[in-house]
Amino acid sequence: MANEQSVSFFEEKGKHTGILSWILTTDHKRIGLLYLFSILTLFLVGVTFAFLMRLELIAPGKTIVEPNTYNSLFTLHGVIMIFLFIIPGIPAAFGNFFLPIQIGARDVAFPRLNLMSWWLYMSGAALALYSLFSGAAPADTGWTFYAPYSIRTGTNVSLTVFAAFVLGFSSILTGVNFITTIHRMRAPGMGWFKMPLFQWSLYATAWIQIIATPVVGITLLLLIFERTFGIGVFDPSKGGDPILYQHLFWIYSHPAVYIMILPGMGVISEIIPVFARKTIFGYKFIAYSSLAIASVGSLVWGHHMFVSGQSYTADVIFSLLTFLVAIPSAIKVFNWVATLYKGSIELTTPMLFSLSFIFLFAIGGLTGLMQGALAINVHIHDTSFIVAHFHYVMFGGTGFAFFGALHYWFPKMFGRMYNEKAAKTGWALLFVGFNTLYFPLFVIGWMGMPRRYYDYLPQFHTGHLVSTIGSWIVIAGILVLLINLLRSLRKGAKAGANPWAAATLEWQIASPPPMENFHEIPEVTKDPYDFKGVVVR
Amino acid sequence: MIIDASSMPQTVNNVFIVILAISVALLALITFLMIYFVIKYHRKKNTKPKDIEGNLVLEIVWTVIPTLLVLGMFYYGWIGYKIMREVPEDAMEIDVVGRMWAWEFEYENGMKTDTLYVPQNKAIKLNLRSQDVLHSFFIPAFRVKHDVVPGLENGFLWFNPTDLGSYDVLCTEFCGQEHAYMKTKVVVIPQEEYDSWYGTPADTTATGQAQSDEDSAEAPADNIPEGLALLTNEGCIACHTLDGTPMVATSFKGLFGRKQIVISNGVERRITIDDEYFKKSIVEPGADIVKGYDNMMPVPDEPLSEDDMKAMIAYIKGL
Amino acid sequence: MTVTTEFAVEKHSDHTGAKIGMWLFLFTELLLFGGVFILYSVYRYKYAQDFHIAAFELNKVMGAVNTIILLTSSLTMALSIGALQRYNRKLANIFLVSTILLAVLFLVNKYFEWGAKIDHGIYPGSKLMESSFNYGENLFFGLYYSMTGLHGVHVIVGIVLLTVMLYIINKEPGSVYVIEPKRAREMEGSRIMLGKNASTNPQDIALIDDTVRRVEISVRHYNTEKTFDRSNIIKLENSGLYWHLVDIIWIFLFPLFYLIT
Amino acid sequence: MAHQEPEQHIVSYGTYVLVWLGLLVLTGLTVAVAGTDLGNFSVWMAILIAGIKSLLVLFIFMHIRYESQLFTVMILIVLFALVIFISLTFFDVSYR
Ligand code: HEA
Ligand code: HEA
Ligand code: CUA
Ligand SMILES: [Cu+2]
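Residue numbers (numbering that gives the first Met the number 0), protein chains in the order written: chain A, 0 to 536; chain B, 0 to 318; chain C, 0 to 260; chain D, 0 to 95.
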């Protein structure tokens with residue numbers, strides 16, 4: 000099947016040359032890499048804001064910036080991390096690259112839309128960054144843009160919101176592409192239950208992108224109308240209802256957290272069987288639980304609003320639904336752990352990231368349950384307990400999955416191996432630093448430290464201090480990981496077609512893959528995690 | 000580490016501890032299994048993996064048990080919450096007004112303070128109102144919190160303070176520049192002391208607790224000029240300083256006679272600040288916006304009387 | 000030297016796939032409006048009486064006429080697709096142009112309607128609305144302007160789309176494949192056969208030598224029933240789907256705003 | 000990869016015109032109904048008629064009647080989501 004002599008997609012000459020051959024490409028692999036590098040760049044921007052925030056919080060009172068600057072920092076940190084890093088993260092970078100290959104297709108269904116989606120992403124990114132420097136001051140509302148403050152403030156909210164709107168559009172196009180591709184372009188023999196689980200997670204994600212994103216789109220648009228024309232729908236001084244804004248916002252933004260985590264879960268479902276060298280435990284349960292998370296996850300948004308003034312009835316219903324959505328996640332976790340049983344486990348870097356994913360996601364998820372419990376939520380809502388929760392699920396969950404995916408697929412994407420030792424050092428620093436950074440936030444959150452606070456009471460000092468020190472360890476870890484990978488791009492040893500002896504289709508073709516992926520569309524007969532006879536190549 | 004000072008913490012702590020215990024147990028189980036499997040089935044020791052496709056019984060077990068667990072958690076959380084939303088009949092009501100970036104408390108007898116005074120062991124119901132944007136009223140030591148929503152009339156929370164002392168009140172909904180400083184204290188005093196204070200507002204300094212607390216500004220005392228007291232109570236000085244440094248808004252020092260560029264209905268014009276302009280700024284803050292500032296000044300919840308405004312003007316002119 | 004270069008021409012022509020993609024996109028449109036419908040239903044529920052009164056300000060006749068215009072345009076759209084499916088391009092053109100004209104007419108009407116309202120001083124932020132309108136009426140018009148405005152934008156997009164389609168279905172079907180100089184050099188020494196059974200006839204065989212800079216192959220389809228460029232039909236169908244969705248949204252907007260007096 | 004293109008279903012011009020006439024009649028009906036006072040019921044009447052009209056457009060003009068089931072299922076999923084969004088929101092609004 001594989002033709003080792005074939006020209007890789009890096010070398011293939013197309014219509015354009017040089018930089019144009021990248022930014023005008025319709026090849027899903029190139030678009031995937033475009034996304035990967037853009038996303039990593041913006042991640043570094045978001046992370047720099049985080050670093051400054053942590054520095055400010057190292058001690059009570061003013062440390063480095065003014066309150067206004069701090070408020071803009073966490074707003075832009077949130078906007079960048081959510082809309083520019085974590086939502087597109089795994090689907091747009093790794094999904095674009097591997098979705099067609101894993102189902103035996105040559106490209107996605109609509110390659111040109113795919114390119115357009117990247118351009119929209121870049122425009123959104125440019126607008127978000129531009130909003131930092133134009134207008135009166137950068138937006139200072141938090142990434143949630145709650146009305147009516149977001150209507151009243153004179154900062155550059157409209158532009159930032161518009162950036163988020165454009166990014167939503169980009170996300171929708173990716174979703175349209177993925178669903179159509181999975182429906183129409185599976186290779187012969189690639190039945191629904193022969194698909195790798197990563198595909199299932201992307202499929203479920205794409206549906207959320209399609210159903211939920213437009214709702215936030217219109218909400219943000221109305222917010223802009225509100226600011227420019229004063230239509231009044233969210234403005235209490237004109238009869239509007241600010242709580243309704245929150246409903247509309249969370250109708251999208253809660254499902255969005257599953258847009259973030261599902262692809263991460265998909266990645267974990269790929270990595271664990273490969274390094275345990277046995278088939279995944281409970282394939283169908285993992286596959287269906289992705290759909291269950293996507294559908295039940297659309298019904299729980301009200302758990303962000305327990306103390307917002309929504310009705311008591313709604314509180315109770317949303318709390319109940321919130322607890323139900325934990326069950327499919329639990330099913331996944333148990334199946335992953337069961338996959339390890341009687342395996343032949345090798346602790347490579349991707350595997351370390353996957354196992355730590357399970358640990359950190361479990362902490363994040365279980366604290367999510369605490370927040371879902373009404374009595375507890377009242378106390379910890381909008382405290383740093385929440386901040387810790389969502390960093391555990393987003394960074395500890397999706398972030399670790401992202402880095403796991405990066406190390407797992409790096410040889411395939413670039414045809415080079417990286418230094419395993421350096422990668423493991425980076426992982427260890429990240430893991431230790433991560434817990435030092437965020438665990439204290441649970442503690443001070445429970446003690447009553449509110450979030451989005453520029454300054455705090457003395458009793459919270461120790462927690463913040465430890466946390467800030469943690470952020471430095473995290474920096475070290477991230478730098479080690481990224482520098483190692485960057486070095487390996489040029490200096491790494493050549494990687495074979497299948498360095499991990501994995502069974503899914505992407506490992507059956509050359510590394511890096513040829514332009515058209517498959518010279519001949521393969522006929523699929525084996526299960527995705529059937530390792531019999533698969534060897535390192 | 001965390002203070003418990005009302006009837007609520009008991010309930011909340013219980014729910015918390017139960018869910019925490021279950022969570023820690025599950026986390027420990029999962030982590031233990033992962034580590035155990037990784038060691039036991041490491042490639043070095045176990046080169047021959049055994050393919051297991053799945054096991055229906057196990058799947059059912061680990062679907063049903065978590066379902067029961069989470070339903071239990073939900074129920075427990077709900078029961079605790081129910082208490083928080085059902086106010087006892089005999090609760091004493093106090094109105095809370097939130098505005099950028101100060102709290103104001105209005106008692107049934109018409110008295111106003113910027114520190115909340117409550118009697119010990121008595122159910123207190125706070126009615127929450129906002130003059131401008133969202134705020135959230137949070138007393139960590141009492142485990143209560145509720146958003147203060149403009150336009151929503153029936154926002155409330157209640158508690159029954161059990162321990163004497165003064166506790167932090169914080170704003171937990173982002174509300175702008177000084178959000179982190181929108182805090183005050185709730186002071187719990189014995190019923191008898193409270194009665195005497197409540198009966199004779201001027202006598203506030205008599206309460207021991209209140210005195211010991213450095214932050215607590217009292218109800219207007221005699222030695223404070225009336226104008227200043229008004230500016231403090233209306234919350235003006237949350238945004239306008241008295242010392243000439245502009246903060247969120249222009250400073251009151253040297254206000255009168257200052258030449259200013261304002262934007263009225265989108266048109267810039269130059270004005271000189273006089274008494275008329277001052278009054279208009281309060282009644283209709285959005286009419287003339289000082290250039291370089293945002294239109295975020297709230298309208299007072301009850302219109303200020305002519306006399307009050309005069310007193311303010313007199314005080315500001317004297318700065 | 001003999002270098003063989005293959006080139007594969009693959010035209011993506013999965014019509015069902017294209018349709019799925021279009022529908023998915025329509026779903027996002029539906030939910031976009033769905034978001035405002037949520038707002039509408041809540042405020043309508045809260046301020047039923049005010050909405051009732053405010054709706055008197057709207058011109059029912061104007062609304063009904065616009066409804067009829069849009070419904071008719073939907074008909075001509077469907078007919079245009081039907082004609083193209085029968086390979087009758089002329090008829091398809093006539094119906095497509097009528098659709099576009101009706102859409103423009105709709106906008107003209109809308110322009111006068113909005114204009115009249117604005118002349119009366121009814122628009123967000125106006126003196127009249129701030130002084131004498133209560134919350135419910137304010138919200139009614141806030142929603143009215145947002146929703147009909149958004150719908151109007153969709154009509155404009157529809158006009159652009161249909162105009163582009165008009166160009167596409169009238170373009171001579173066919174395509175040109177160009178082999179760039181570099182590739183052409185690689186092909187030096189090979190021969191290109193022109194025509195199906197050309198191998199025997201030397202006139203039909205062209206040798207690519209070093210004087211050849213560029214090879215251009217153009218393929219032309221003729222509009223007979225068999226060779227009609229089917230992908231145009233699916234494109235027109237998809238544009239039609241968009242247009243019908245715009246119509247459906249109006250079908251709901253009309254009674255919800257104009258007829259609740 | 001190579002999919003069998005399903006046979007195109009060609010609808011007769013007459014059907015389209017009939018549907019259009021139906022739509023016009025329904026428009027007239029909804030205007031007429033709005034004139035009479037049905038109280039609370041008139042909203043539901045308006046929505047019902049609008050619903051029927053959209054079904055006509057959906058099934059005939061937009062060819063859903065002739066497409067594979069997949070499309071119907073997808074449309075139902077989306078409509079269901081919308082209904083859920085609205086009804087859960089009303090659990091807040093109407094019990095406040
Ligand atoms: C990747 C993103 C992500 C994910 C996956 C989750 C997952 C969950 N989240 Fe989280 N959440 C956020 C991102 C995420 N969240 C963000 C960003 C916010 C804050 C937004 C803001 O205000 O700015 C937030 C806020 C937030 C709140 C609101 C808090 C508040 O503001 O008051 C709540 C409340 O219920 C909540 C609950 C949950 C629950 C129950 C889950 C569940 O899905 C978790 C399920 C997982 C598990 C349960 C763990 C694994 C399972 C086991 C270990 C087996 C054992 C399990 C059982 C017995 C059930 N989250
Ligand atoms: C994917 C999502 C994501 C990720 C990965 C992160 C990563 C981090 N975040 Fe996160 N954060 C959010 C999403 C995320 N965040 C969101 C959505 C909010 C809510 C915003 C709101 O309230 O509206 C938030 C809010 C938030 C707060 C709360 C602000 C407040 O309420 O007052 C804090 C405070 O500590 C914080 C800190 C951090 C830190 C220290 C990191 C670290 O993990 C980052 C680690 C890395 C580094 C620290 C630097 C590495 C740097 C380099 C490699 C480049 C070299 C640069 C320098 C040396 C300067 N974040
Ligand atoms: Cu008020 Cu924050
Ligand atoms: Cu959520």
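Built from N, CA and C at the ideal position, the CB exists for glycine as well.
Check, Outcome
"N126(B) (DSSP reduced to helix, strand or coil)", "strand"
"Min CB distance V95(B) to chain A below 8 Å", "no"
"Inter-residue Cα distance where the pair is E505(A) and L114(A)", "22 Å"
"Contiguous beta strand (DSSP E) assignments of at least 3 residues, all confined to the segment 309 to 364 of chain A", "none"
"For M184(A), the first and last residue of its enclosing beta strand (DSSP E)", "Run containing M184(A): none; DSSP gives neither H nor E here."
"The segment 132 to 147 of chain A contacting the segment 193 to 200 of chain A, beta-carbon criterion three pairs below 8 Å", "no"
"Chain A contact for D13(C) (CB, 8 Å cutoff)", "yes"
"Start-to-end residues for the beta strand (DSSP E) that takes in T271(B)", "V266 to T271"
"Residues of the segment 5 to 24 of chain B whose Cβ lies closer than 8 Å to any Cβ of chain A, in chain order", "T10, V11, V14, F15, I18, L19 and S22"
"Inter-residue spacing [alpha-carbon to alpha-carbon] between H380(A) and R451(A)", "12 Å"
"Own chain, CB closer than 7 Å to T171(B), minus 5 neighbours either side, in chain order", "S135, F137 and K144"
"Residues near ligand 3, criterion Cβ-heavy atom distance below 5 Å", "H134(B), C170(B), C174(B), H178(B) and M181(B)"
"8 Å Cβ cut-off: residues of chain A touching I85(D)", "In chain order: nothing, as chain A lies at least about 10 Å away."
"Sub-8 Å separation of I18(B) and M83(B) beta-carbons", "no"
"Cutoff 8 Å: A53(C) Cβ touching any chain D Cβ", "no"
"Spatial distance of L133(B) from S252(A) (CA atoms)", "19 Å"
"Separation of M61(C) from G109(B), as counted between CA atoms", "55 Å"
"Residues sharing a beta bridge with K258(B), DSSP", "T271(B)"
"Exposed unless 16 or more other CB atoms sit within 10 angstroms - verdict on V56(B)", "exposed"
"Selection of the segment 61 to 92 of chain D by Cβ proximity to chain A, strictly under 7 Å", "V77, A80, I83, F84, L87, T88, F90 and D91"
"Contact set between T287(A) and chain D, taken where Cβ atoms lie within less than 9 Å", "The question names Thr, yet the displayed sequence has Tyr at residue 287(A). The premise fails here: Y287(A) is roughly 16 Å from chain D at the closest Cβ pair, so nothing lies under 9 Å."
"Exposure of N153(B), with buried meaning 16 or more beta-carbon neighbours within 10 Å", "exposed"
"Minimum Cβ-Cβ distance from L17(D) to chain C less than 8 Å", "no"
"Any 3 or more C-beta pairs closer than 8 Å across the segment 95 to 103 of chain A and the segment 494 to 512 of chain A", "yes"
"Proximal residues, the segment 164 to 179 of chain A versus chain B, C-beta separation under 9 Å", "none"
"Beta-carbon proximity of D307(B) to L229(B), cut-off 8 Å", "yes"
"Option in V32(D), F79(D) and L55(D) with minimal Cα separation from I247(C)", "L55(D)"
"Alpha helix (DSSP H) runs wholly inside the segment 19 to 94 of chain D, at least 4 long, in chain order", "40 to 55 and 68 to 92"
"Supposed contact pair N155(A) and A135(A) - C-beta distance, whole angstroms, cut 8 Å", "6 Å"
"Within 9 Å of chain D by C-beta, residues of the segment 28 to 61 of chain C in sequence order", "L29, L30, G33, G34, F36, I37, S40, V41, R43, Y44, K45, A47 and K59"
"DSSP bridge partner residues for V187(B) (one or two, in chain order)", "V117(B) and G164(B)"
"heavy atom of ligand 1 below 7 Å from H303(A) C-beta", "yes"
"Where H243(C) sits in the DSSP three-state scheme", "helix"
"Alpha-carbon to alpha-carbon, D49(C) and G234(B)", "35 Å"
"C-beta neighbour in chain C for L22(D), strict 8 Å", "yes"
"Among R276(A), S470(A), V332(A) and M369(A), the one whose alpha carbon lies nearest that of I51(B)", "R276(A)"
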